[in-house]
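Heads up, the thing below is written out as structure tokens.
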Amino acid sequence: MAASITRLRRVAIVREATRIRMRCQRADYTNEQAAAAIREALPEVTQLEAWRLALGWSRADTVAQVGELYRTDGLMPPGLSESMLCRWEHAPDEWPGRDYAVMLCRVYRARPEQLGLHQVQRVRQLSA
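Right, dumping it as structure tokens:
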């Protein structure tokens, strides 16, 4: 599904998600409620992407936040890139590793199932 989304449609999605996020902020919604509102209005948006959009972050912002968490934990920042995050948000067979999934949950202040990452463990267990 995501592969068929044109660049023009992607721009429209981000624009509409921004409007929804702003409306949700005015209504004092939680990030979880804002992400749900984005997903309801824009069904082609994945859970992981909806949370990023609900926060108003770009992929670069998310990559920077994950890197900062690693530094805060006394670790070298990972080789996370915007293209990796994009694949995780859009490719149905691409999932972050466990460490990345944990960091994404921490950065977004969400549980794995809220981000659609609970499937990471399930998929890995089934393929083992």
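Letter by letter, the sequence shown follows residues 736 to 863 of this note's numbering.
Yeah, the Cβ is synthetic: ideal placement off N, Cα and C, and Gly gets one too.
Being a predicted model, the structure only gives us computed values, none of them experimental.
- In the three-state scheme derived from DSSP, where H, G and I count as helix and E and B as strand, residue 845 is classed as coil.
- As for any alpha helix (DSSP H) of minimum length 4 sitting wholly inside the region 805-830, the runs are 817-825, ordered along the chain.
- Rounded to the nearest angstrom, the Cβ distance from residue 755 to residue 769 is 7 angstroms, consistent with a contact under 8 angstroms.
- Residue 777 sits in coil when the DSSP states are folded into three classes, being neither helix nor strand.
- For residue 747, the uninterrupted alpha helix (DSSP H) segment begins and ends at 742-761.
- No Cβ-Cβ contact shorter than 8 angstroms links residue 798 with residue 752.
- By the CB criterion at 8 angstroms, residue 832 and residue 782 fall outside the cutoff.
- Here the alpha carbon of residue 806 sits roughly 15 angstroms from the alpha carbon of residue 796.
- DSSP places residue 786 inside the alpha helix (DSSP H), whose first and last residues are 782-790.
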